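Read the structure below first, then the notes.
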Amino acid sequence: MDVQALGKVAVLMGGSSSEREVSLMSGSGVLQALRSQGVDAHAFDPAERDIGELKKEGFARCFIALHGRHGEDGTVQGALELLRIPYTGPGVMASSMAMDKVMTKRIWRFEGLPTPDWRMVASAGQTRAAFAALGAPMIVKPARDGSSMGLTKVEDASQCEAAYALAAKYDEEVLCEQFISGDETTCAVLGEGRGAQALPVIRIVAPDGNYDYQNKYFTDVTQYHCPSGLPAEEEAEIQRIVEQAFRTLGCRGWARADIMIRASDRKPFLLEINTSPGMTGHSLVPMAARAKGISYEALCLRILATASLDGDAHAVEGSA
């Protein structure tokens, strides 16, 4: 790859979401990796600078290492579309839909993809009603936030009020979801359209099954198995449905989906899809890429080379 052809690159990191700290770690890793490969890459924090400066300063493309709101919800993607600066990851509509867990589940359910039953709630009373309908345990979480922010595993109806209050701090839309007991896995996808391909599946074993924000990013007690150790047919089925879930939402570039395998019958269930996955030292896409023989630096370059605009993906990708 001719890195000079990539031009001046902005690594968007930080931002104003609740995941700012993780985004800064992701962005720093990406920035260092790109520079090590000779890319003219620079850090850019939209929370501290006007995004319009990207055009004024002659940036040719952006690597989006932002997480959460105003980073992977279609807003920064829309701004970059207006500026006509190609960017990594899915476009405006795909990013917006994928950020909304409820909209994502509605589309997947319509397309026949497996996802746990759910209820939208707007009060503690509705949360208790959802608990009665969905049964125990039940997951209560913000509909449009990531990294397990504001998430509670509800085992008893007495926990519903506090669970709703916590989730509502992060988003006015709160999702109650049936808990699937079994193996927790994640699977990344690289590429676009029919060419999109799933990376090896990672099986996650967290302390007491608690894969929360702290255990995701700041401890070393969570175990990640890649190769997953799952039967070959289970791994292949997960990769198949994740690729389909990726295409169904119109994603491009890269993303990572979370899947639970129900212990009782080994059926996989899609939980959500991340369109700007973490790239920290604890992150899972680099781990899966390594299992496929792709280094962190090569992964960053590969993702950057797919930077594009809505309706213009092939032209931009071909010029990289």
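If you count by numbering that gives the first Met the number 0, then the sequence shown holds residues 0 to 319, one letter each, in order.
Each residue gets a CB set at the ideal place from its N, CA and C atoms; glycine is no exception.
The model shown is predicted, which means the values in this text are computed figures rather than measured ones.
Spanning the alpha carbons of L303 and L30 requires a straight line of approximately 11 Å. Between the beta-carbon of A132 and that of R118 there is about 6 Å, and that keeps the pair under the 8 Å contact cut. Here the alpha carbon of D144 sits roughly 25 Å from the alpha carbon of L81.
Spanning the alpha carbons of A135 and Q125 requires a straight line of approximately 15 Å.
Taking G90 as reference, the option from T274, L283 and A297 with the minimal CA-CA separation is T274.
In the pairwise beta carbon analysis, the region 86-101 is classified as touching the region 244-253: at least three pairs are separated by under 8 Å. Ranked by how close their Cα comes to the Cα of P45, the residues R34, R19 and G28 have R19 in first place. DSSP, reduced to helix, strand and coil, places C299 within a helical segment of the structure shown. Here D39 is bridged, per DSSP, to K7. As a beta-bridge residue in DSSP terms, C61 pairs with A9 and Y86.
For the 9 Å CB-CB criterion, L79 and L308 form a contact.
Our two residues, L283 and I203, have alpha carbons roughly 10 Å apart in a direct line.
In this model, A254 and A297 are separated by some 16 Å (Cα to Cα). Contact annotation: A42 and A9 have beta-carbon atoms nearer than 9 Å.
For T184, DSSP records a beta bridge to R202 and I258. Burial check for P267: the Cβ neighbour count within 10 Å reaches 16 or more, so the residue is buried. The beta-carbon separation of S22 and H66, rounded to 5 Å, stays under the 8 Å limit for a contact.
Between the region 174-181 and the region 257-267, the count of Cβ pairs shorter than 8 Å is three or higher; the stretches touch. In this structure, the beta-carbon distance from F62 to A287 does not fall below 9 Å. With contacts defined by Cβ atoms closer than 9 Å, A59 and I84 form a contacting pair.
Rounded to the nearest whole angstrom, the CA to CA distance from D49 to M259 is 40 Å.
Between A129 and D170, the CB-CB gap reaches or exceeds 9 Å.
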